[in-house]
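Residue numbers (the working numbering), protein chains in the order written: chain A, 1 to 254; chain B, 1001 to 1415.
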């Protein structure tokens, strides 16, 4: 199977500090790839490189098997890569539909085509089996944390995106809401999207992911199938970069 | 707007009672909207009408409208800047500068009125672009930038009118804006056209949404809205069409003042811009969460500059109306209390000082409150000192309502 998104040998430095060393990552359609690592391992930098916010110093970037150049967030969005950032980037004073179409409104002439947007938003939420919101015309300010996360995710999949990257979607949520969001994450993958899930929570990772990619001090320690590893092994990979045969030897990828 | 259960393909239209209940819930949750302004307007008018019956005369009503027009128009422009959470303290004297340019063009240069009006509005655009660019590109707080502009424009008006002379305006067209009325029949015709167009728009919209299976406003609610518009508009036109000249044989003074349709047209254009175009949507987004707007690909700097341009252009139009009413321009045009009344009007109407919330209609309602206080207290024979103090208190009250409703909204999760 061709990965929807594949990175090979990515290097990235900020001035004298090299943050990413020779990082490779693959995300397959229909699968949830968990990206884990300790604080400062380079997860966010890697995601920003994928999203076009940071340029990469060297390395190759493949989308659907074809080499591509990503120069700006627009390029990534045009390919069908959507990133849901930790701080959800929603406007409290706008309603759900308005937020989902923000910056990409449908228009007839110069007039906003509210009806079409409302229909499309309703259909997207329906396809994600989101039934928790009362009305899609309610202000985002009135939503709970889980509902906001749902809207942010729905906003990302509205555009026939192929790769969705979620940056710690459950970090600020309660137990029930976390379960809802994880269910949604699983459903995205089941619909054929390639999902990359950044998380600190091992339970979440083992609950939904098909593969686990572990970053350790800016290097990819291992990318393994979730079914092949145990909880303890992943923790070891995160904290020391290696676990038995897996991981880095002397700080270099095997 | 309307409350329904899950987004299903076919939805029932909520009944009028459900709409009303939703509205009450929103108000309780802290989303007061224009309610305080409407309430204040009713209370003030009742009090003044009881204390001074002359307040309710047709002549005073027309006078009140032309009195408050300039401030209201400036406030309508200020709404755009306030929506972004910024402020424009220079709007008052910007209107003075534009009025002075108009007067010089008309009197000294003898140019036709449309050239002078064009030049005045162009001056507003230039002022707005300059202030907006400094705020957006250099990141200086708008409070400081426009405070500096406030002082500078005060000086510029003085320089333009040559140190304190008064430039008289004699151009008929300009003078008619604040001093002439619509023929009584035309007033009725325009009102009828307006009501029919409003009803037609609402009905087609509701029918189109219903046919696509989306929630739509019930016919009864539309009927109430159209009825209210027809009733209030009808009362106003009837009242203003009463002869208010002491000697009707010499000069007839009846009809809707010309500034009213001018303000209505501006209201329609600006409301369309805010509510129905992507530009307006983006303006609200930047006011609500600038970072989210930036990530959505909206050019935040350009939105800021454009808001200041609209604000200063509206100030220019306000200046033209003020010049027309005074039949002259002097160093104090747009000065003294004009700016503070305009900011007060916008805030009293329900525009939030914190950004992201407000309507152009709010500015008109707030402008009406300010004009009623000014006019009513004048009739009661109070001095300017008392008027200022009362207006100041009302502004503070409005800002308190804004802050408190925000707090309450945060508590109930409605913002």
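Built from N, CA and C at the ideal position, the CB exists for glycine as well.
message: Suppose contacts are defined by Cβ-Cβ distances below 8 Å. Is residue 1149 (chain B) in contact with residue 1220 (chain B) by that definition?
response: Translated into positions along the second chain, residue 1149 (chain B) becomes position 149. Translated into positions along the second chain, residue 1220 (chain B) becomes position 220. No; because the gap between Cβ atoms is not below 8 Å, this pair is not in contact.
message: By the DSSP assignment, the beta strand (DSSP E) with residue 24 (chain A) in it spans what residues?
response: Counted from its first residue, the first chain places residue 24 (chain A) at position 24. 17 to 27 is the extent of the beta strand (DSSP E) around residue 24 (chain A).
- prompt: Are residue 1169 (chain B) and residue 1327 (chain B) close, meaning C-beta to C-beta below 8 Å?
  reply: Within the second chain, residue 1169 (chain B) is the residue found at index 169, counting from 1. Within the second chain, residue 1327 (chain B) is the residue found at index 327, counting from 1. Contact flag set, yes.
query: Ordered along the chain, which non-local residues of its own chain (more than five positions away) have a Cβ less than 7 Å from that of residue 59 (chain A)?
result: Indexing the first chain from 1 puts residue 59 (chain A) at position 59. Only 7, 8, 9, 10 and 11 meet the Cβ criterion.
query: Residues in the region 1291 to 1308 of chain B with C-beta within 8 Å of chain A's C-beta atoms, listed in sequence order?
result: 1291, 1292, 1293, 1295, 1296, 1297 and 1298
message: Just to confirm my understanding: we take residue 237 (chain A), look at its own chain, exclude 5 residues before and 5 after, and list those with CB closer than 6 Å. What are they?
response: Locating residue 237 (chain A) in the first chain gives position 237, counting from the first residue. These residues qualify, in order along the chain: 214, 221, 222, 243 and 247.
message: Let me check one thing: in DSSP terms, what residues is residue 216 (chain A) bridge-paired to?
response: Translated into positions along the first chain, residue 216 (chain A) becomes position 216. The partner list for residue 216 (chain A) (beta bridge, DSSP) reads A:219.
message: Quick check: what's the CA-CA separation for residue 1171 (chain B) versus residue 135 (chain A)?
response: Here residue 1171 (chain B) refers to the residue found at position 171 of the second chain. Here residue 135 (chain A) refers to the residue found at position 135 of the first chain. If you take the alpha carbons of residue 1171 (chain B) and residue 135 (chain A), they lie about 55 Å apart.
query: From residue 1366 (chain B) to residue 1092 (chain B), what distance separates their C-alpha atoms?
result: Position 366 of the second chain, counting from 1, holds the residue named residue 1366 (chain B). Position 92 of the second chain, counting from 1, holds the residue named residue 1092 (chain B). Rounded to whole angstroms, residue 1366 (chain B) to residue 1092 (chain B) spans 17 Å at the Cα level.
- request: Give the single residue among B:1243, B:1225 and B:1156 whose Cα lies nearest to the Cα of residue 1101 (chain B).
  value: Here residue 1101 (chain B) is taken as the residue at index 101 of the second chain, counted from 1. It is B:1156.
message: If we define contact as Cβ-Cβ less than 8 Å, is residue 111 (chain A) a contact residue for chain B?
response: Counting from 1 along the first chain, the entry for residue 111 (chain A) is found at position 111. It does: the Cβ of residue 111 (chain A) has a partner Cβ on chain B nearer than 8 Å.
task: Could you have a look at residue 1060 (chain B) and say whether DSSP puts it in helix, strand or coil?
output: As a first step, residue 1060 (chain B) is located in the second chain; it is residue number 60 there, counting from the start. Here residue 1060 (chain B) sits in helix by DSSP.
query: Under the three-state reduction of DSSP, which class applies to residue 169 (chain A): helix, strand or coil?
result: As a position in the first chain, residue 169 (chain A) is number 169, starting the count at 1. Residue 169 (chain A): coil per DSSP, three-state reduction.
message: Given this structure, state the Cα-to-Cα distance separating residue 1324 (chain B) from residue 1066 (chain B), to the nearest angstrom.
response: Reading the second chain from its first residue, position 324 is the one you call residue 1324 (chain B). Reading the second chain from its first residue, position 66 is the one you call residue 1066 (chain B). Each residue's alpha carbon lies about 10 Å from the other.
Any C-beta of chain B under 8 Å from that of residue 103 (chain A): For the purposes of this step, residue 103 (chain A) is taken as residue 103 along the first chain, with counting starting at 1. Yes - at least one Cβ of chain B is within 8 Å of the one on residue 103 (chain A).
task: With 8 Å as the threshold, decide whether the Cβ of residue 1082 (chain B) is near any Cβ in chain A.
output: The count along the second chain starts at 1 and reaches residue 1082 (chain B) at position 82. Closer than 8 Å: no.
query: From the beta carbon of residue 1207 (chain B), is the nearest beta carbon of chain A less than 8 Å away?
result: On the second chain, position 207 is the one that residue 1207 (chain B) refers to. No, residue 1207 (chain B) lies away from the interface with chain A (no Cβ there is under 8 Å from its Cβ).
query: What residues of chain A sit near residue 1212 (chain B), judged by a beta carbon separation below 9 Å?
result: By 1-based counting over the second chain, the position of residue 1212 (chain B) is 212. The contacting residues are 115, 116, 118 and 119.
- prompt: Hey, residue 1264 (chain B) and residue 1095 (chain B): beta-carbon distance below 8 Å or not?
  reply: Start at 1 with the first residue of the second chain, and residue 1264 (chain B) comes out as number 264. Start at 1 with the first residue of the second chain, and residue 1095 (chain B) comes out as number 95. No; because the gap between Cβ atoms is not below 8 Å, this pair is not in contact.
- request: With 8 Å as the limit, tell me which residues of the region 30 to 53 of chain A have their beta carbon closer than that to any beta carbon of chain B; keep them in chain order.
  value: none
message: Using 8 Å as the threshold, is the C-beta distance between residue 157 (chain A) and residue 169 (chain A) below it?
response: Translated into the one-based positions of the first chain, residue 157 (chain A) becomes position 157. Translated into the one-based positions of the first chain, residue 169 (chain A) becomes position 169. Their beta carbons are not under 8 Å apart, which means residue 157 (chain A) does not touch residue 169 (chain A) by this criterion.
Cβ distance (whole Å) where residue 217 (chain A) is taken to contact residue 32 (chain A) below 8 Å: By 1-based counting over the first chain, the position of residue 217 (chain A) is 217. By 1-based counting over the first chain, the position of residue 32 (chain A) is 32. That pair is no contact at about 24 Å.
message: Could you give the first and the last residue of the continuous alpha helix (DSSP H) run that contains residue 12 (chain A)?
response: Along the first chain, read from residue 1 onward, the residue named residue 12 (chain A) stands at position 12. Per DSSP, residue 12 (chain A) belongs to no alpha helix (DSSP H); it is in the beta strand (DSSP E), 5 to 14.
task: Kindly identify the DSSP beta-bridge partner or partners of residue 239 (chain A).
output: In the first chain, counting from the first residue as 1, residue 239 (chain A) sits at position 239. Looking at the DSSP assignment, residue 239 (chain A) forms no beta bridge with any residue, so it has no partner.
task: Within the same chain, show all residues whose beta-carbon is closer than 6 Å to that of residue 1364 (chain B), passing over the 5 residues directly before and after it, in chain order.
output: As a first step, residue 1364 (chain B) is located in the second chain; it is residue number 364 there, counting from the start. Taken in chain order, the residues that qualify are 1072.
Reduced DSSP secondary structure (H/G/I, E/B, other) of residue 1306 (chain B): Within the second chain, the letter at position 306 stands for residue 1306 (chain B). Correct three-state label for residue 1306 (chain B): helix.
Short Cβ contact (8 Å threshold) for residue 1113 (chain B) with residue 1166 (chain B): To locate residue 1113 (chain B), count along the second chain from 1; it is residue 113. To locate residue 1166 (chain B), count along the second chain from 1; it is residue 166. Cβ distance not < 8 Å, so residue 1113 (chain B) and residue 1166 (chain B) don't count as in contact.
- prompt: From residue 1034 (chain B) to residue 1117 (chain B), what distance separates their C-alpha atoms?
  reply: In the second chain, the residue the question calls residue 1034 (chain B) occupies position 34. In the second chain, the residue the question calls residue 1117 (chain B) occupies position 117. Taking the straight line joining both Cα atoms gives about 32 Å.
- prompt: Based on Cα-Cα distance, which residue from B:1371, B:1069, B:1193 and B:1274 lies nearest to residue 1319 (chain B)?
  reply: Here residue 1319 (chain B) refers to the residue found at position 319 when the second chain is read from its first residue. It is B:1069.
message: Using C-beta distances below 8 Å, list every residue in its chain close to residue 1164 (chain B), excluding the 5 sequence neighbours before and after it, in chain order.
response: Indexing the second chain from 1 puts residue 1164 (chain B) at position 164. Excluding residues within five positions, the ones whose Cβ falls inside 8 Å are 1158, 1330 and 1331.
message: Against chain A, does residue 1284 (chain B) count as a neighbour if the rule is that its beta carbon must be under 8 Å from one of theirs?
response: Position 284 of the second chain, counted from the first residue, corresponds to residue 1284 (chain B). Yes, its Cβ sits closer than 8 Å to a Cβ of chain A.
query: Where does residue 1415 (chain B) sit, in a helix, a strand or coil, going by DSSP?
result: Along the second chain, read from residue 1 onward, the residue named residue 1415 (chain B) stands at position 415. No answer about residue 1415 (chain B) holds up, because its pLDDT of 44 lies below 50 and its placement is not dependable.
query: Run through DSSP, which three-state label would residue 1003 (chain B) get?
result: As a position in the second chain, residue 1003 (chain B) is number 3, starting the count at 1. Low confidence applies to residue 1003 (chain B): its pLDDT is 40, below 50, so where it sits in the model is not reliable, and the reading given next is rough at best. Here residue 1003 (chain B) sits in coil by DSSP.
- prompt: Is residue 254 (chain A) helix, strand or coil when you go by DSSP?
  reply: By 1-based counting over the first chain, the position of residue 254 (chain A) is 254. Bear in mind that the predicted position of residue 254 (chain A) carries a pLDDT of just 45, short of 50, making it unreliable; the figure below should be weighed with that in mind. The answer is coil: DSSP assigns residue 254 (chain A) none of H, G, I, E or B.
field: Under the three-state DSSP convention, the category residue 1162 (chain B) falls into
entry: Looking up residue 1162 (chain B) in the second chain gives position 162. Of the three classes helix, strand and coil, the one that applies to residue 1162 (chain B) here is coil, per DSSP.
- request: Jot down the residue ranges of each uninterrupted alpha helix (DSSP H) in the region 116 to 201 of chain A, minimum 4 residues, whole runs only, in chain order.
  value: 145 to 157 and 175 to 190
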